[in-house]
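Mind the numbering: the sequence shown is residues 1 to 112 in the numbering used here, read in order.
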Amino acid sequence: MPASASVERPAKLTRLTRARQTAIFKALADPHRFELLLQIAKARCPLGCAQALACLPISAPTLSHHIKELESAGLIDIRREGKFAYLSLRPGVLESVAASLSALETAGCPRR
């Protein structure tokens, strides 16, 4: 592979405390927040709040509340440019959540 070719590396796993894991699952338990996270992930680049609002059947103040909950849980980052805000997934967090869930499956009793 040429030195100039960029290689996409997996995001570094983020260390999650039990409290943070609980906050993440609590944030994702709401269907609108889960849908918002899906829209951010599907965008593959920062999603504008206006675009997010167009995807969800909620008011602007309710969207603002859901964004704050996802940010507080550590799932998303918000970049502000003037009066506009852009949402993106926080790198490594979802992979860490998946890894912690996967570890639960392997932590069970050995099969007899």
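Think of the CB as a built atom: it goes at the ideal place given N, C-alpha and C, for glycine as much as any other residue.
Residue i in three-state terms, based on DSSP
{"i": "SER88", "result": "strand"}
{"i": "ILE67", "result": "helix"}
{"i": "ALA5", "result": "Reliability of the predicted coordinates at ALA5 is poor, the pLDDT of 48 falling under 50, and no value is obtained from them."}
{"i": "ARG15", "result": "coil"}
{"i": "ALA73", "result": "coil"}
{"i": "PRO110", "result": "coil"}
CB of residue i within 8 Å of CB of residue j, strictly
{"i": "ILE76", "j": "ILE40", "result": "yes"}
{"i": "ALA27", "j": "ALA98", "result": "no"}
{"i": "LEU13", "j": "GLU95", "result": "yes"}
{"i": "ARG70", "j": "ARG33", "result": "Note that residue 70 is Leu in the sequence shown, not Arg. Yes, they are a contact pair."}
Contact test: residue i Cβ vs the ligand NAP heavy atom, cutoff 7 Å
{"i": "ILE78", "result": "The model depicted lacks the ligand NAP and carries no ligand whatsoever."}
Rounded separation between residue i and residue j - CA only
{"i": "LEU38", "j": "PRO110", "result": "35 Å"}
{"i": "PRO61", "j": "CYS45", "result": "23 Å"}
{"i": "LYS116", "j": "LYS68", "result": "Because residue 116 is not part of the residues shown, which for the chain are 1 to 112, the question remains open."}
{"i": "ALA19", "j": "GLN51", "result": "31 Å"}
{"i": "CYS55", "j": "LEU87", "result": "14 Å"}
Sheet register partners of residue i (DSSP bridge)
{"i": "ARG44", "result": "Note: ARG44 sits in no beta bridge, so no partner."}
{"i": "ARG80", "result": "ALA85"}
Extent of the continuous alpha helix (DSSP H) to which residue i belongs
{"i": "ILE58", "result": "Premise fails: ILE58 is in no alpha helix (DSSP H) and is neither H nor E."}
{"i": "ARG20", "result": "18-28"}
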